[in-house]
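Asks:
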Amino acid sequence: MITHSSLEEFKRTNLRLAVHLIVSFRDICVFTLVLPLGTLFVCFVSAYVFQPEEIHETHCRVYNVIPSISAITGVSPQRYLWRISIALHIGPRIIIAFVYKNYYRALIRELNDLAQIKKATSLLRIVHGLNIVEISALCCVTYVSNKENYPVHEKVFILFMTSSLSYMLATLKLLKVLQPNGPQTTQEETSLRYKRAFFALSIASTIGLILFFLKHRFLCHDLAFSWFALCEYIVASANMGFHCTTMLDFPTEDFMIAKNANRYRKKHATISWKLD
15 MITHSSLEEF KRTNLRLAVH LIVSFRDICV FTLVLPLGTL FVCFVSAYVF
65 QPEEIHETHC RVYNVIPSIS AITGVSPQRY LWRISIALHI GPRIIIAFVY
115 KNYYRALIRE LNDLAQIKKA TSLLRIVHGL NIVEISALCC VTYVSNKENY
165 PVHEKVFILF MTSSLSYMLA TLKLLKVLQP NGPQTTQEET SLRYKRAFFA
215 LSIASTIGLI LFFLKHRFLC HDLAFSWFAL CEYIVASANM GFHCTTMLDF
265 PTEDFMIAKN ANRYRKKHAT ISWKLD
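Each residue of the sequence shown is one higher than the one before, starting from 15 at the first, in the working numbering.
#1: P91: buried (16+ other C-beta within 10 angstroms of its C-beta) or exposed?
#2: By the three-class DSSP mapping on this structure, what secondary structure does V79 have?
#3: Compute the distance between the beta-carbons of N163 and S84, then report whether it is under 9 Å.
#4: Can you have a look at G88 and say buried or exposed, based on whether 16 or more other CB atoms are within 10 angstroms of its CB?
#5: Straight-line CA distance for T199 to A275?
#6: Taking only the alpha-carbon atoms, compute the straight-line gap between P265 and F39 and give it to the nearest angstrom.
#7: From this set, K169, L262, F171 and S82, which residue's C-alpha is nearest L206's C-alpha?
#8: Leaving out five residues before and five after S60 in sequence, what residues of the same chain have Cβ atoms less than 8 Å from its Cβ?
#9: What span of residues does the beta strand (DSSP E) with H34 cover, start to end?
#10: Let me check one thing: in DSSP terms, what residues is M270 bridge-paired to?
#11: Rounded to whole angstroms, what's the CA-CA distance from M254 to A134? Just pull it up for me.
#12: Could you give the distance in angstroms between the alpha-carbon of L95 and the alpha-carbon of D127?
#13: According to DSSP, simplified to helix, strand and coil, what is V89?
In structure tokens, the structure reads:
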């Protein structure tokens with residue numbers, strides 16, 4: 015016979031939070047950074063040692079010592095390794111994008127000035143949109159190599175560069191609105207300082223990248239493409255570094271898969287899927 019007390023006990027037991035998986039969000043961010051960085055290093059070394067003629071070939075036929083990222087990830091079998099790494103990289107990047115969206119929303123709810131709230135909300139939409147565009151462009155530029163379809167690859171690469179730099183700038187603008195008096199903690203101050211440094215490095219190296227590309231394309235100078243490739247590696251490193259500040263923004267958070275987590279779910283959370 016089922017009594018009222020046993021039914022209540024069953025409900026309490028059935029509604030108890032059951033954690034199936036918990037992973038440090040910091041570890042996820044480290045994995046997301048190290049995977050493409052390590053793969054890029056492997057592609058560079060292996061292509062440089064075993065396929066030097068393929069990766070150094072340019073339309074001008076000039077002297078070149080540093081291959082571009084597109085060159086080392088566009089030859090086989092490196093292209094398959096690179097595509098696998100980006101496939102594993104994209105998933106966490108999308109999750110991180112939505113985590114940031116919810117994080118900034120929480121900060122906006124703490125504001126009191128209506129004009130400030132409207133400005134921050136508009137900037138948040140721009141930041142999140144640019145982040146998704148950047149991730150999508152990275153995916154496209156990876157799976158459409160320069161050897162398979164150069165015109166499309168070139169246009170998507172420009173989209174990636176534009177969205178990446180715009181995202182960095184918009185993020186810094188949003189943080190300025192959210193923190194008009196500056197960062198409140200040492201960790202926030204460190205994160206902001208790194209973001210500014212990586213953005214400045216990205217701008218400087220992008221200017222160099224454009225100049226050396228034009229020199230190579232229209233003047234066919236020796237080593238111009240090598241300098242272009244060097245700037246490209248710096249841009250990629252600065253981009254990874256900027257996104258790496260996620261570890262400073264979320265140092266103690268965890269990624270969790272759990273049962274009966276409805277009561278812990280935030281009302282305004284963007285990602286709140288329920289699996290039946």
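By construction, the Cβ of each residue, glycine as well, lies at the ideal position given by its N, Cα and C atoms. Given the structure is predicted, the values throughout are model-derived calculations rather than measurements.
Replies: Checking against the coordinates, here is how it stands:
#1: exposed
#2: coil
#3: no
#4: buried
#5: In this structure, the CA atom of T199 is about 30 Å from the CA atom of A275.
#6: 8 Å
#7: L262
#8: Taken in chain order, the residues that qualify are Q92.
#9: A32 to S38
#10: I36
#11: 25 Å
#12: L95 and D127: Cα-Cα distance of roughly 50 Å.
#13: Residue state, collapsed to three classes: coil.
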